[in-house]
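These notes concern the structure reproduced below.
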Amino acid sequence: MAVSTRQTTNGEAKPVLREASWGQIIWRRFRKHRLAVTGLIVITVLYALAIFAPWVAPYDPTDIAPDRRLEKPSSAHPMGLDEVGRDVLSRVIWGARISMTIGFVAAGISLVVGVFLGAVAGYYGGGVDNAIMRVVDVLMSIPTFLLIIAIVAVVGPSITNVMIVIGLTYWSSYARVVRGTVLSLRSIDFVEAARAAGNSSLRIILKHVLPNCFAPVIVMATLNVAGSILLETSLSFLGFGVQPPDPSWGNILTTGRQYMRHAPHIALFPGLAISITVLAFNLLGDGLRDALDPRLNV
Amino acid sequence: MFLLLGVSVIVFGVIRLAPGDPVMVVAGLDALPETVEAIRKEWGFDLPVYMQYFRWLGRAVRLDFGQSLMTREKVSEMIVARLPATIKLNLVAYALALAVSIPMGIYAALRQYSLLDHLGTVVALVGVSMPGFWLGLILILYFALYLGWFPVFGIGTWKHYVLPSVALGASQAAGLMRMTRSSVLEAMNQDYIRTARAKGLAERIVVFKHMLKNASLPIVTIMGMRLAYLLSGSFIIETIFAWPGIGRLAINCLYSRDYFVVQGTVLLTAVVIVFANLIVDVTYCFLDPRIRYQ
Chain A
1 MAVSTRQTTN GEAKPVLREA SWGQIIWRRF RKHRLAVTGL IVITVLYALA IFAPWVAPYD
61 PTDIAPDRRL EKPSSAHPMG LDEVGRDVLS RVIWGARISM TIGFVAAGIS LVVGVFLGAV
121 AGYYGGGVDN AIMRVVDVLM SIPTFLLIIA IVAVVGPSIT NVMIVIGLTY WSSYARVVRG
181 TVLSLRSIDF VEAARAAGNS SLRIILKHVL PNCFAPVIVM ATLNVAGSIL LETSLSFLGF
241 GVQPPDPSWG NILTTGRQYM RHAPHIALFP GLAISITVLA FNLLGDGLRD ALDPRLNV
Chain B
299 MFLLLGVSVI VFGVIRLAPG DPVMVVAGLD ALPETVEAIR KEWGFDLPVY MQYFRWLGRA
359 VRLDFGQSLM TREKVSEMIV ARLPATIKLN LVAYALALAV SIPMGIYAAL RQYSLLDHLG
419 TVVALVGVSM PGFWLGLILI LYFALYLGWF PVFGIGTWKH YVLPSVALGA SQAAGLMRMT
479 RSSVLEAMNQ DYIRTARAKG LAERIVVFKH MLKNASLPIV TIMGMRLAYL LSGSFIIETI
539 FAWPGIGRLA INCLYSRDYF VVQGTVLLTA VVIVFANLIV DVTYCFLDPR IRYQ
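The listed protein sequences correspond, in order, to chains A and B.
Numbered per my numbering, the first sequence spans residues 1 to 298.
Numbered per my numbering, the second sequence spans residues 299 to 592.
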């Protein structure tokens, strides 16, 4: 610890005395990326807000006060009141809960599906590979945003549906990257050795091949969370996502849009929340990319 | 070709197989059973789904996407009527994005760590992170409602184009700038650049002939991809600005569950994206002779 604290002043790492693990090297490189650390802190705070929403939010997000509708921001209500007199700050905090959960779960679904299919395609090759990669090609050339709206519109807009639909549409880039890595590793010595030692295919994929995709996949996942949050808010904004009275950053914006002229604060703050969150994830993703592998380009 | 077929299956399947009976959209919820049956026959909804698909596909290749369930207008005519508005808006936004991002990206890379580079990087990061529809609302709030410089929505004079195309192009410009910067930086550190400098070429020639030409390949790829994003973005931006294009058409028809119109617009957009990628691939051959010989 003493060694690593001294290195920051001139930006150059001092020779490390003892052998550092891979994780420590990454962490050290990551820490120097000030913006990325800021991103990480912001994300942590936002998730804390989301998790502890019931205790953090100053008011009940569904409590209405019809006589004080569209009230401007004040010290009692820092973000003002909305069209039926609900506290916008409380709604934004509760909205964080929904929006960030959706972002996280949707990205998680994409990651699992994409990594699984990519690994299968790369490892088995042949017809399986061909079939999976054609689906990837198709998915990549469809205007996904519209596709997602269309699906959500027909399966019915709900939080669960939004998560599943976003998750199942964005796995293609994971599949591509993982397949590429698996293909290039399939006949490399250590994999051959593992096979010769009698390991099962599943074990070889999980233990010997997949860890090599860790760097690009984790970076993609970070950026994917940002993308999923943006998508969810766009969906909710158009009315195909989270349905009122459940607060989501997107649907608060929708109501805000109708009162732009007299109460711009309703639209301003949830949009700010989206931008800050997405920015934080983008910063984190950039930092991770630089820390994990400076030459990585995803 | 296979790609387009796959796209058409997904577009059709997703929209048709989902719950909700399109016949009800035409007939209304309180229609008599006999009326419902008659409509089902008339529109061909009594056929098995795969038959419906082939019928639809057969017509779609002849650019006939069927009729609107609501107004009985021909979908192809509805699209043709609104296509010019969308094309114009997207072209302006795309041109704006390219005109800002590419020079900025190149400049930022050539003067790495300069004030303008830092500024550009921050602006680009914020631009990528801001949802386009929110930017649109902010622009409306400030420039249309507060300052009154531009109209709030609609189409007409050049002033109508300013806000929607900025809202639409901003995030594309930001993404393109980041990509341009990193590609040029990458090309800058190659050996052949050092060689070019070492043999005493003018800096101008080094930058334009050696550096930018080599950096252009990834930039062109991203340009193609960004076009797809742009089109997707215009669905939501058109809705905000009440722009009479196919984006707003598609969203409105989604609200009213007018299936054929949605299918038609999504398919059309997909075709455009596939062709954009094709053009990118062809451009590669011009930019990089090595690809041509393979």
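Just so you know, even glycine gets a beta-carbon here, dropped at the ideal spot from N, CA and C.
Next on the checklist: Going by C-alpha to C-alpha distance, which of Met-509/B, Ser-399/B and Ile-549/B sits closest to Ser-469/B?
Outcome noted: Ser-399/B
Checklist entry - From the beta carbon of Ile-164/A, is the nearest beta carbon of chain B less than 8 Å away? => result no
Checklist entry - Would a check of beta-carbon distances place Asp-137/A closer than 8 Å to chain B? => result yes
Next on the checklist: For Gly-11/A, which residues in the same chain have their Cβ closer than 8 Å to its Cβ, ignoring the five residues on either side in sequence?
Outcome noted: Reliability of the predicted coordinates at Gly-11/A is poor, the pLDDT of 49 falling under 50, and no value is obtained from them.
Item to check | Within chain B, partners of Gly-271/A - CB distance below 9 Å | outcome: Met-428, Pro-429, Phe-431, Trp-432, Leu-433, Leu-435 and Ile-436
Checklist entry - Mind checking whether Leu-529/B and Val-570/B have CB atoms under 8 Å apart? => result yes
Item to check | Range of the contiguous alpha helix (DSSP H) that encloses Asn-299/A | outcome: In the structure displayed, chain A extends from 1 to 298; residue 299/A sits before or after that span and is not available.
Checklist entry - Would Ala-50/A be called buried (16 or more neighbouring beta carbons within 10 Å of its own) or exposed? => result buried
Item to check | For Gln-365/B: DSSP bridge partner residues | outcome: Lys-372/B
Next on the checklist: Quick check: the Cα distance between His-262/A and Ala-548/B, rounded to an integer number of angstroms?
Outcome noted: 30 Å
Next on the checklist: I need the straight-line Cα distance from Ile-164/A to Leu-223/A, nearest angstrom please.
Outcome noted: 18 Å
Item to check | Distance between beta carbons of Val-578/B and Gly-522/B, contact taken as under 8 Å | outcome: 4 Å
Checklist entry - Are three or more beta carbon pairs between the stretch 395-413 of chain B and the stretch 261-278 of chain A nearer than 8 Å? => result no
Item to check | Residue nearest to Val-219/A in terms of C-alpha spacing, selected from Leu-283/A, Ile-43/A, Ile-149/A and Val-242/A | outcome: Leu-283/A
Item to check | Unbroken alpha helix (DSSP H) run spanning Ala-548/B, endpoints | outcome: 544-553
Next on the checklist: Going by C-alpha to C-alpha distance, which of Lys-386/B, Leu-566/B, Pro-346/B and Gly-425/B sits closest to Trp-456/B?
Outcome noted: Lys-386/B
Item to check | Per-residue contacts from Leu-238/A into chain B (C-beta, under 8 Å) | outcome: Ile-534, Thr-537 and Ile-549
Checklist entry - Near Met-1/A, what residues of its chain come up, given a Cβ to Cβ distance below 8 Å and the 5 sequence neighbours on each side ignored? => result Note that Met-1/A scores 40 on pLDDT, short of 50, meaning its location in the model is unreliable; the coordinates nonetheless yield the value given after this. Closer than 8 Å at Cβ, skipping near neighbours: no residue.
Next on the checklist: Which residues of the stretch 165-182 of chain A have a Cβ closer than 7 Å to any Cβ of chain B? Give them in chain order.
Outcome noted: none
Checklist entry - Once you ignore the five residues that flank Tyr-170/A on each side, which residues in its own chain have a CB closer than 6 Å to its CB? => result Ser-110
Checklist entry - For Leu-515/B versus Asp-137/A, is the C-beta spacing smaller than 8 Å? => result no
Item to check | Gly-180/A versus Cys-583/B - alpha carbon distance | outcome: 23 Å
Next on the checklist: Less than 8 Å between the C-beta atoms of Val-464/B and Leu-394/B, yes or no?
Outcome noted: yes
Item to check | Own chain, CB closer than 7 Å to Leu-437/B, minus 5 neighbours either side, in chain order | outcome: Leu-461, Val-464 and Ala-465
Next on the checklist: Can you confirm whether the stretch 90-109 of chain A touches the stretch 60-78 of chain A when touching is taken to mean that 3 or more C-beta pairs between the two stretches lie within less than 8 Å?
Outcome noted: yes
Checklist entry - Can you name the start and end residues of the alpha helix (DSSP H) that Thr-455/B belongs to? => result Premise fails: Thr-455/B is in no alpha helix (DSSP H) and is neither H nor E.
Next on the checklist: Could you tell me the alpha carbon to alpha carbon distance between Pro-401/B and Leu-499/B, rounded to whole angstroms?
Outcome noted: 22 Å
Checklist entry - Near Arg-68/A, which residues of its chain fall below 6 Å by C-beta distance, leaving aside the five closest residues on each side in sequence? => result Leu-81 and Gly-85
Item to check | 8 Å contact criterion, which Val-88/A and Ser-427/B should meet: CB distance rounded | outcome: The Cβ separation is near 21 Å, so there is no contact.
Checklist entry - Quick one, are the C-beta atoms of Gly-287/A and Pro-270/A less than 8 Å apart? => result no
Next on the checklist: Could you check whether the Cβ of Thr-233/A sits closer than 8 Å to any Cβ belonging to chain B?
Outcome noted: yes
Next on the checklist: Considering only their Cβ atoms, is the gap separating Ile-544/B from Leu-238/A smaller than 8 Å?
Outcome noted: no
Checklist entry - Is Ala-422/B near the ligand MN, in the sense that its beta carbon is under 7 Å from a heavy atom of that ligand? => result Looking for the ligand MN in the displayed structure turns up nothing, as the structure carries no ligands at all.
Checklist entry - Nearest chain B C-beta to Leu-89/A closer than 8 Å, yes or no? => result no
Checklist entry - Cβ of Val-162/A within 8 Å of Cβ of Leu-235/A? => result yes
Item to check | DSSP bridge partner residues for Leu-81/A (one or two, in chain order) | outcome: Asp-87/A
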